[in-house]
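Quick notes on the structure that follows.
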Amino acid sequence: EVFRQRFRQFQYQQAAGPREAFNSLWELCSQWLKPTIHSKEEILELLVLEQFLTILPSEIETWVRLYRPENRERALALVEDLQRELEIPEQQIHSLPATNNVYFSTSL
Numbered sequence: 003e004v005f006r007q008r009f010r011q012f013q014y015q016q017a018a019g020p021r022e023a024f025n026s027l028w029e030l031c032s033q034w035l036k037p038t039i040h041s042k043e044e045i046l047e048l049l050v051l052e053q054f055l056t057i058l059p060s061e062i063e064t065w066v067r068l069y070r071p072e073n074r075e076r077a078l079a080l081v082e083d084l085q086r087e088l089e090i091p092e093q094q095i096h097s098l099p100a101t102n103n104v105y106f107s108t109s110l
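Okay, here's the thing in structure tokens:
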């Protein structure tokens with residue numbers, strides 16, 4: 003998670019020029035995705051997992067991120083468990099307001 007955040011938060015101004023910026027991004031991405039030890043499928047799963055979390059309603063995303071899911075099955079299970087606990091029909095989850103400050107119990 004730390005390496006993903008460093009990669010996503012890197013700013014062009016942190017580098018001396020375009021080559022240094024690109025090389026820094028390359029290094030940060032490599033630290034995050036670890037292409038020398040992860041398969042293409044594992045890297046793809048990490049990228050899709052990150053995108054999946056960002057498209058969730060904000061309160062659900064925040065709650066799921068508390069558990070730091072490392073794969074799709076864990077992330078999906080967390081969302082489904084939360085839906086069941088809150089009795090939210092699957093088709094209605096997309097309509098949750100993104101601006102409400104709703105805090106969920108972590109006692110699943």
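Residue numbers (this note's numbering): 3 to 110. Ideal Cβ placement from N, Cα and C applies to all residues, glycine included. Please read all numbers here as calculations on a predicted model, not as lab measurements.
Alpha-carbon to alpha-carbon, residue j and residue i
| i | j | result |
| --- | --- | --- |
| Glu75 | Gln85 | 15 Å |
| Gln13 | Val4 | 16 Å |
| Leu51 | Glu63 | 11 Å |
| Leu80 | Ala18 | 42 Å |
| Pro115 | Leu27 | Only positions 3 to 110 of the chain appear in this structure, which leaves residue 115 out of reach. |
| Leu110 | Asp83 | Note that Leu110 has pLDDT 33, beneath the 50 cutoff, so the model's placement of it is unreliable and the number below is only indicative. Distance between the alpha carbons of Leu110 and Asp83 is about 8 Å. |
| Gln15 | His40 | 30 Å |
| Glu43 | Gln11 | 25 Å |
| Leu55 | Leu30 | 20 Å |
| Ile57 | Phe9 | 19 Å |
| Asn25 | Leu88 | 45 Å |
| Ala77 | Val66 | 7 Å |
Buried/exposed call for residue i, threshold 16 Cβ in 10 Å
| i | result |
| --- | --- |
| Glu22 | exposed |
| Leu46 | exposed |
| Leu68 | exposed |
Within-7 Å CB hit, residue i to chain E
| i | result |
| --- | --- |
| Arg74 | Absent from the structure: chain E. Only one protein chain is present. |
Residues near residue i by beta carbon distance below 7 Å, same chain, minus five either side
| i | result |
| --- | --- |
| Leu48 | Leu35 |
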